[in-house]
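Everything on this sheet refers to the single structure shown next.
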Amino acid sequence: MFLALREFKHAKLRYALVSAIIVLVASLVFILSALANGLATGQSEAIDAIDADGFVVATGSEYLLDRSRLPAETLDQVREANGVEEAQPLLASANNVRIGDQDGVLGVSILGVDPGSFLDPGNGLEENPDGAVIDQSMANEGVGVGDVLRFEPSGVEIEVVGIVDGHEYRLIPTLFVSLDTYVQIVPDAKDTYSAIAVRGDYASLADSVEGVMVGSRDDLVTGLPGYQEQAGTLLMIQGFLVVIAAGIIAAFFFIITLQKMSELGVMKALGATTFTLATALVIQSVILSVIGILVGIVVSWLLQSVLEGTVPYRVQSSQMILYGTILLVVAVAGTLLSLFRIARVDPLDAINRAN
Amino acid sequence: MAASILTVDRLSRHFGTGDSRVDAVKQASFEIQAGEIVALVGPSGSGKSTLLSIAGALLRPSEGVVKLGGRDISSLKGTSRTRMRLESIGFIFQGSNLVSFLTALEQLQFMGKMLGLSATETDVRAKQLLEELGMEKRMRHYPEQMSGGERQRVAIARALMNEPELVLADEPTASLDSQRGRQVVELLADEVHRREVAGIIVTHDERLIDVCDRVLRISDGEVREE
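Chains as they are written, first to last, in numbering that gives the first Met the number 0: chain A, 0 to 354; chain B, 0 to 225.
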């Protein structure tokens, strides 16, 4: 600690610059993870919010709700099956909506649920089953309670009766209506369901009910078009960024160590052990990294309020802790190269250097 | 005269093997008493740095024995050798070999830390030494803010911080003009006499010889008393 802090004090600018680099890299990692998280959440939060054990969808739909059509009697069969505690039907599709007298139409996700059931997001649908409850993603488009939504091409008009947060689906403005209203908007959906959310044992339903496949919430989420490709790409970017961060930090500490070789030789000649000198370096890297990572967290967190409603961006503390820990481990591992160099310093150089 | 602190007995050191073998030190034997400062003089390449390195437990001899305060240091390895240097030997290197990011006081405090002294003990020793060497006004200065002579004074103070049995100075005046160089060597000689330690100064400056008690001449690895 003695050496580590004295060196910081003496070479403030140098170490401030190293810390600044770590801040930039850490911010980049955190911002990217928040963006990735925002995208993933915007795709699937309506599904994530459903408190069910599993889902039943039509065979061959590959968990894509748009493609899944279950006949009405499937719901009865599921409800009668052994081990099923509760089953609720869900309808989902994309649609176009004209708001009030506006010219343009808005592409929306529309979800049909039984008002008052566990699929109902709340905030008004149960009291006004003929209305629509919109998600914050739609409210961000300037829609409010009392506005009239006109669906194209059916021409059905529905009034907005409430707003919920955290129920976006497929990254477009999302709204909830009752099953009856849904059928008015999408007449094709009459006597069919997109999926059935099941509480209880759902796994055996694949065998006991004709024409269905079952899956968990994750299956439904990863079944969203492009979800896995997008998640994979973003994960790769973050992975490379962490590797690059390791390289940058390792290079910085290595250069600083190389600059001190003769000094390290003198200290070893005076009786300093490799352990003493290595500890100082590791302490320095931990301090600089922790500062860099904490500032990075603050930056990415502040950005959340700046970006509110413009870009899908969501800071998740568990992710921050994960990436922060990875960065810290990577930063300390980055000093390993320098530690080897320190171990190889020969105290004899203190005398031979001059001769 | 007091007991012998450093005993070098038939010490040899060679590098390489076969045709490329170089005998840096050949069968050197000498003793240094407590309170005695010895000049080790010789042209470059004569083996004086090798001899100094072996006496300083930085290098092991090929043959022969080196005893410091009665203990054989020639066979010590690894951490026990490092420990021996830390506790029993004071080094003053050529030019400025102070740690660039530590102030004069901190150079000495670092030694205290490594020795495991208490903070108070460290501060008392460090301040007293810096005062003895006339550096009390420069305690908070970094090496880059000091003159060459001041740096060497701090280096002497640092070398005495562990209350060593043996002080080794490798060309301590190399970067100084003759007047300042002489002052530094006189200061070192005073400390050696007063603290009853053994001292070796490696130098090729003949004008400094009269400050020392004895002179050892080394030439082609052979040591001869004068």
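Positions of the beta carbon are idealized from the N, C-alpha and C atoms, including for glycine.
As the structure is a prediction and not an experimental result, all values here were calculated from the model.
key: Residues bridged to His-13(B) (per DSSP)   = Asp-22(B)
query = Which residues in the same chain as Val-183(B) place their Cβ atom closer than 8 angstroms to its Cβ, once the five residues preceding and following it in sequence are excluded?
reply = Gly-148, Gln-151, Arg-152, Ile-155, Pro-171, Thr-172 and Leu-175
ask   = What are the uninterrupted segments assigned as beta strand (DSSP E) that are 3 or more residues long and contained completely in the segment 113–139 of chain B, given in chain order?
value = none
query = Quick one: complete alpha helix (DSSP H) runs, 4+ long, within the segment 70–113 of chain B?
reply = 77–87
message = Let me make sure I understand the geometry here. Which of Ile-247(A), Phe-274(A) and Val-294(A) has the alpha-carbon closest to that of Gly-363(A)?
response = Outside the displayed range of chain A (0 to 354) lies residue 363(A), so it cannot be described from this structure.
ask   = To the nearest angstrom, how far is it from the Cα of Arg-139(B) to the Cα of Val-191(B)?
value = 26 angstroms
message = If I measure Cβ to Cβ from Met-160(B) and keep anything under 7 angstroms in the same chain, skipping five residues before and after, which residues do I get?
response = Leu-107, Met-110, Gly-111, Arg-124, Ala-125 and Leu-128
ask   = Roughly how many angstroms separate the alpha carbons of Glu-125(A) and Ile-133(A), rounded to a whole number?
value = 14 angstroms
ask   = Which chain A residues sit within Cβ distance under 7 angstroms of Lys-112(B)?
value = Phe-1
request  = Might you give, ordered along the chain, the residues of its own chain that have their beta carbon closer than 6 angstroms to the beta carbon of Leu-39(B), omitting 5 neighbours on each side?
outcome  = Lys-47, Ile-199, Val-201 and Leu-215
ask   = Hey, does Met-0(B) have any beta-carbon neighbour from chain A nearer than 9 angstroms?
value = The pLDDT assigned to Met-0(B) is 47, lower than 50, so where the model puts this residue is not dependable, and the model offers no usable value.
ask   = Do you know whose CA, among Ala-33(B), His-13(B) and Gly-41(B), lies nearest Glu-224(B)'s CA?
value = Gly-41(B)
key: Continuous alpha helix (DSSP H) stretch holding Met-137(A): start and end   = 135–138
ask   = Taking the alpha helix (DSSP H) that Gly-199(A) falls in, what are its first and last residues?
value = Premise fails: Gly-199(A) lies in the beta strand (DSSP E), 194–199, not in any alpha helix (DSSP H).
message = Between the segment 189–204 of chain A and the segment 166–176 of chain A, can you find at least three pairs of beta-carbon atoms closer than 8 angstroms?
response = no
inquiry  = Residues in the same chain with beta-carbon distance under 7 angstroms from Ala-45(A), minus the five sequence neighbours each way, listed in chain order, please.
reply    = Leu-110, His-166, Glu-167, Tyr-168 and Thr-173
message = Is the beta carbon of His-9(A) closer than 9 angstroms to that of Leu-51(B)?
response = no
task = State yes or no: is the beta carbon of Leu-16(A) nearer than 9 angstroms to at least one beta carbon in chain B?
result = no
key: chain A contact residues for Ser-19(B), given Cβ-Cβ distances below 9 angstroms   = Simply none; closest approach about 18 angstroms.
query = Looking at C-beta atoms only, is the number of pairs between the segment 297–309 of chain A and the segment 21–38 of chain B that lie closer than 8 angstroms three or more?
reply = no
query = Is Thr-172(B) helix, strand or coil by DSSP?
reply = coil
ask   = Between Val-98(B) and chain A, is there a C-beta pair that is closer than 9 angstroms?
value = yes
key: Span of the alpha helix (DSSP H), counted from its first residue to its last, around Thr-309(A)   = Per DSSP, Thr-309(A) belongs to no alpha helix (DSSP H) and is neither H nor E.
inquiry  = Let me see if you follow: with CB-CB separation under 9 angstroms, is Gly-270(A) close to chain B or not?
reply    = yes
inquiry  = Can you confirm whether Gly-69(B), when its beta carbon is compared against all beta carbons of chain A, has any partner nearer than 9 angstroms?
reply    = no
request  = Verify the CB distance criterion: does Met-266(A) have a CB-CB separation below 9 angstroms to chain B?
outcome  = yes
key: Nearest candidate by alpha-carbon position, reference Leu-105(A), set Asn-139(A), Val-294(A) and Val-77(A)   = Asn-139(A)
ask   = If you draw a straight line from the C-alpha of Met-0(B) to the C-alpha of Ile-217(B), how long is it?
value = Its pLDDT being 47, under 50, Met-0(B) is placed unreliably by the model, and the measurement read from it follows with that caveat. Cα-Cα distance, rounded: 25 angstroms.
request  = Starting from Gln-237(A), trace the alpha helix (DSSP H) both ways and give me its first and last residue.
outcome  = 226–258
query = With a cut-off of 9 angstroms, does the C-beta of Gln-108(B) fall near any C-beta of chain A?
reply = yes
query = chain B beta carbons: is any one of them nearer than 9 angstroms to that of Ile-350(A)?
reply = yes
query = Between the Cα of Asp-65(A) and the Cα atoms of Gly-37(A), Val-185(A), Val-96(A) and Thr-273(A), which residue gives the shortest distance?
reply = Val-185(A)
request  = Could you have a look at Phe-29(A) and say whether DSSP puts it in helix, strand or coil?
outcome  = helix
task = Rank Ala-15(A), Leu-326(A), Ala-330(A) and Pro-311(A) by C-alpha distance to the C-alpha of Val-355(A) and give the top, closest one.
result = Absent from the model: residue 355(A). The displayed extent of chain A is 0 to 354, so no value can be given.
inquiry  = Please tell me whether Gly-63(B) and Glu-164(B) are closer than 9 angstroms, where the distance is taken between their beta carbons.
reply    = no
message = DSSP three-state label for Ala-19(A), please.
response = helix
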